[in-house]
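>
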Amino acid sequence: MAPTFRTTPAALRIQTDAARHDPEGFWLDQARRLEWATMPTRADDKDAGWFPDGALNASVNCLDRHLETRGDHVAVIWQRENADDVVRLTYREMHNRVCRLANVLRDHGIRRGDRVAIHLPGVIEGIIGMLACARIGAMHVVLFGGFSAEAIADRLHDSGAQLVITANVGLRGAKHIPFKTTMDAALRLHVGKLAVRNVLVVHVTQDDVPLEAGRDFWLAPLLEAASSACEPEIMRATDPLFLLYTSGSTGKPKGIVHGTGGYLLWAAYTHDLVFDHRADDVFWCTADIGWITGHTYVTYGPLCNGGTVLLFEGMPSHPAPGRWWEVAQAHGVTTFYTSPTAIRALMREGDDVPGRYDLSRLRVIGTVGEPINNEAWQWFADVIGQRRCPVVDTWWQTETGGIMIAPVPGAVTPRPASATLPLPGVHAVLLDEKGRKIDAHRAEGVLCLDGSWPGRALTIWRDDAVFDTTYLKPYPGHYFTGDGAYRDEDDYYWITGRVDDVINVSGHRIGSAEIEDAIAADRDIAECAAIGVPHALKGQSIVVFAVPRDLAGGNARKLVDGILKTVATQVGRYAVPETVHLVADLPKTRSGKSVRRLLRKIACGETDGLGDLSTLMDPGVVPALIEAVQSES
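Take the sequence shown: its position 351, counted from the start at 1, is 351 in UniProt numbering, and no numbers get skipped.
1. Since residue 312 sits in a beta bridge, which residues does DSSP pair it with?
2. Given a threshold of 16 other Cβ atoms within 10 Å of its Cβ, counted over all protein chains shown, does residue 9 qualify as buried or as exposed?
3. Is the beta carbon of residue 163 less than 8 angstroms from the beta carbon of residue 222?
4. If you run the structure through DSSP and keep just helix, strand and coil, what is residue 594?
5. Assign residue 254 to one of three DSSP states: helix, strand, or coil.
6. Closest to residue 538 by C-alpha separation, out of 574, 516 and 563, would be which residue?
7. Using only the alpha-carbon positions, how far apart do residue 85 and residue 150 sit?
8. For residue 580, which of helix, strand or coil comes out of DSSP?
9. Can you tell me whether residue 393 is helix, strand or coil according to DSSP?
10. Is there contact between the region 292-311 and the region 128-147, where contact requires at least three CB pairs shorter than 8 angstroms?
11. In the structure shown, what three-state DSSP assignment does residue 249 receive?
12. For residue 418, tell me which candidate among 454, 370 and 435 has the shortest Cα-Cα distance.
13. Restricting to Cα atoms, I'd like to know which of 323, 261 and 305 is closest to residue 286.
14. By a C-beta neighbour count over all protein chains shown, 10 Å radius and 16 as the cutoff for buried, is residue 594 buried or exposed?
15. With residue 87 as the anchor, note down where its beta strand (DSSP E) starts and where it stops.
16. Extract the residue ranges of the beta strand (DSSP E) inside the region 367-447, only unbroken runs of 3 or more that lie entirely within it.
17. Does the Cβ of residue 37 have 16 or more other Cβ atoms within 10 Å, making it buried, or fewer, making it exposed?
18. Enumerate in chain order the residues of its own chain whose CB-to-CB distance from residue 308 is below 6 angstroms, with the five nearest sequence positions on each side excluded.
19. In this structure, does DSSP put residue 21 in helix, strand or coil?
20. By the three-class DSSP mapping on this structure, what secondary structure does residue 230 have?
21. Grab the span of the beta strand (DSSP E) containing residue 534 for me, first residue to last.
22. Closest to residue 203 by CA distance: which of 56, 195, 193 and 217 is it?
23. Tell me which same chain residues have a C-beta within less than 8 angstroms of the C-beta of residue 4, skipping the five on either side of it?
24. Kindly provide the ranges of any alpha helix (DSSP H) runs that are 4 or more residues long and lie completely inside the region 449-516, ordered along the chain.
25. Residues in the same chain with beta-carbon distance under 8 angstroms from residue 522, minus the five sequence neighbours each way, listed in chain order, please.
26. Just verifying my parser: in three-state terms, what is the DSSP assignment at residue 183?
27. Can you check which of these residues, 333, 372 and 317, is closest to residue 348 by C-alpha distance?
28. Per DSSP, residue 235 forms a beta bridge with which residues?
29. Is it the case that the Cβ atoms of residue 493 and residue 487 are separated by a distance below 8 angstroms?
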């Protein structure tokens with residue numbers, strides 16, 4: 001039986017109209033979703049920020065305010081690597097743990113405005129650490145567990161973090177990942193230049209690691225001795241909540257700063273609206289908390305709304321295919337939010353694998369991180385959603401704080417591979433190359449956003465000028481997303497890829513996503529990435545890196561010919577790739593985005609300066625790509 005949803009088309013139109021015609025009143029009304037120490041009387045102040053006269057605490061909104069009515073309701077289900085090892089913490093228990101850690105941080109000199117680096121695997125202490133920082137007004141700086149020592153050191157130095165929370169090791173399948181050893185190496189790289197005074201270590205396993213006297217401490221004994229009562233720091237809505245590093249087009253990470261009141265409201269508002277949140281939901285977002293998706297839809301959004309979050313320590317297909325579906329069945333997951341990369345990997349396992357499990361409790365399934373191709377969308381809808389769950393294909397960025405364009409279940413009809421419509425309060429526009437607004441339907445241009453919204457980042461850490469240059473100055477009066485989009489006759493948006501991923505071949509502007517979507521229709525190809533490289537005659541030529549479903553058993557020439565024919569048929573002869581490399585895998589970030597900057601350098605033979613590869617999902621992919629390209633030269 002198809003599920004029913006709270007938001008109807010008429011209700012969504014009313015919200016959209018209210019946000020458009022009276023944005024101040026709309027957002028002040030939405031602000032009532034939160035518990036304020038001082039209720040704001042102003043919403044968007046262009047000079048002072050969002051809700052500038054409001055005051056609140058983020059951890060109070062995620063925990064304390066639920067204690068009376070939902071204190072014994074499960075807040076977090078932590079599924080360990082071992083299927084029999086499950087930890088369920090109620091809101092009351094989470095509150096106890098967060099307060100204890102907050103007191104430990106205060107005991108180690110952490111105060112309002114200080115930065116605390118959190119460098120942890122998929123353990124519950126990650127969420128607890130974020131909320132403990134928020135409780136005392138410190139900014140958390142979550143560092144992805146796969147970063148190299150060099151990448152960690154750079155971020156510690158840039159952020160000025162005074163304390164680090166890490167683990168002895170992390171578990172990734174059967175492997176033990178040396179978290180503490182990596183952190184020690186990072187701290188040695190900038191001796192005398194880092195502000196780190198203490199390192200608190202979580203015991204994930206019984207693996208022993210060296211502790212530096214006076215600097216390093218096991219966390220468990222400190223928590224046991226700490227008080228479970230901790231008075232929250234009341235913050236201005238415009239005070240920073242966290243600092244999170246994201247990759248820039250130059251390859252240099254940018255420290256994105258998000259505020260407290262606006263960001264928290266956006267997290268709660270979008271989680272509730274886009275996922276049709278209900279009190280008995282079990283919400284599973286598979287993202288690592290080291291990325292913005294994990295911040296907004298693993299921690300702040302669901303917990304602010306009093307939901308139950310599933311946190312999984314393991315891998316999708318370990319120890320055997322179907323592990324994710326086994327977990328979803330065991331915990332009665334109702335909302336499942338993951339990346340197109342993960343969906344394509346799960347597709348390779350075959351339809352029979354998810355068919356072994358009971359996924360009947362699923363109501364909403366979503367995708368995030370990159371545009372999803374038609375075939376993967378359809379498989380997700382048909383096989384996982386069983387043709388009854390809407391697919392919410394969400395578009396947003398680290399800088400936006402939360403979802404901006406997505407189909408609202410029950411109110412917007414999804415379409416394969418389309419992000420569909422902007423949410424109420426989001427004003428998306430298409431601009432041409434000269435910055436002129438394109439009003440026509442069936443139009444393609446640069447995707448920008450008019451005005452502001454509560455979740456928009458405050459700035460880039462210690463660099464307001466770069467924030468303005470990157471996002472506000474390219475198209476004055478608009479927020480520049482860096483993405484291109486197509487808008488159809490029904491005003492649905494289709495993300496075509498980064499503007500800097502547009503390839504100009506003999507005057508023809510071709511979006512990399514357009515080529516990739518065409519190739520995705522070839523069932524012999526699992527995934528691909530298209531890039532532009534310099535060409536003496538055409539300006540640029542197109543190079544495609546393609547991952548066959550069966551690299552070993554396929555006929556290479558036949559596969560390449562199939563790709564060329566598909567692009568010629570689906571896009572046009574002008575878009576046919578000059579070169580196709582058949583490879584075993586693509587370099588991707590943890591959010592699943594292909595790193596075209598790396599592919600471009602490899603295709604051009606510029607392999608001496610590839611930079612830090614530790615941010616990749618699998619850095620070992622790169623040498624294989626270099627070898628594949630060189631062998632075909």
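For every residue, glycine included, the Cβ atom is placed at its ideal position computed from N, Cα and C.
The model shown is predicted, which means the values in this text are computed figures rather than measured ones.
In brief:
1. In the sequence shown, residue 312 corresponds to position 312, counting from 1. Answer is 79.
2. Along the sequence shown, one-based indexing puts residue 9 at 9. Answer is exposed; the Cβ neighbour count stays below 16.
3. Position 163 of the sequence shown holds residue 163. Position 222 of the sequence shown holds residue 222. No. Outside cutoff.
4. Walking along the sequence shown from the start, residue 594 turns up at place 594. In the structure shown, residue 594 sits in a strand (DSSP, three-state: E or B).
5. The residue you call residue 254 lines up with position 254 of the sequence shown. Reduced to three states, the DSSP call for residue 254 is strand.
6. Taking the first residue of the sequence shown as 1, we reach residue 538 at position 538. For residue 538, the nearest C-alpha among the options comes from 574.
7. For the purposes of this step, residue 85 is taken as residue 85 along the sequence shown, with counting starting at 1. For the purposes of this step, residue 150 is taken as residue 150 along the sequence shown, with counting starting at 1. Using only the alpha carbons, I get a separation of about 34 angstroms.
8. For the purposes of this step, residue 580 is taken as residue 580 along the sequence shown, with counting starting at 1. Note: residue 580 maps to strand in three-state DSSP.
9. The sequence position of residue 393 within the sequence shown is 393, counting from 1. Three-state result, residue 393: strand.
10. yes
11. Here residue 249 corresponds to residue number 249 of the sequence shown, with the count starting at 1. Here residue 249 scores only 45 on pLDDT, less than 50, and its place in the model is too uncertain to base an answer on.
12. Here residue 418 is taken as the residue at index 418 of the sequence shown, counted from 1. If we check each option's Cα against that of residue 418, 370 comes out closest.
13. Position 286 of the sequence shown, counted from the start, is the residue given in the question as residue 286. The shortest Cα separation from residue 286 among 323, 261 and 305 belongs to 323.
14. Here residue 594 corresponds to residue number 594 of the sequence shown, with the count starting at 1. Looking at its Cβ environment, which holds 16 or more other Cβ atoms inside 10 Å, residue 594 is buried.
15. One-based indexing of the sequence shown puts residue 87 at position 87. First-last of the beta strand (DSSP E) with residue 87: 86-90.
16. 391-393 and 427-431
17. Numbered from its first residue, the sequence shown carries residue 37 at position 37. Classification of residue 37: exposed, given that the 10 Å Cβ count is below 16.
18. The count along the sequence shown starts at 1 and reaches residue 308 at position 308. Cβ within range, chain order: 74 and 282.
19. Counting from one through the sequence shown, the residue named residue 21 turns up at place 21. Here residue 21 sits in helix by DSSP.
20. As a first step, residue 230 must be located in the sequence shown, where it is residue number 230. Of the three classes helix, strand and coil, the one that applies to residue 230 here is coil, per DSSP.
21. Stepping through the sequence shown from its first residue, residue 534 is reached at position 534. Run containing residue 534: 525-535, per the beta strand (DSSP E) assignment.
22. The sequence position of residue 203 within the sequence shown is 203, counting from 1. Nearest option by C-alpha distance: 217.
23. For the purposes of this step, residue 4 is taken as the residue at position 4 of the sequence shown. So the list reads 410, once near-sequence residues are dropped.
24. 464-467
25. What you label residue 522 is simply residue 522 of the sequence shown in a count that begins at 1. Once the five neighbours on either side are set aside, the close Cβ partners of residue 522 are 562, 563 and 566.
26. Position 183 of the sequence shown holds residue 183. It is helical.
27. In the sequence shown, residue 348 corresponds to position 348, counting from 1. When only C-alpha atoms are compared, the closest one is 317.
28. Residue mapping note: residue 235 aligns to position 235 of the sequence shown, counting from 1. Its beta-bridge partners are 56.
29. Counted from its first residue, the sequence shown places residue 493 at position 493. Counted from its first residue, the sequence shown places residue 487 at position 487. Yes. Within cutoff.
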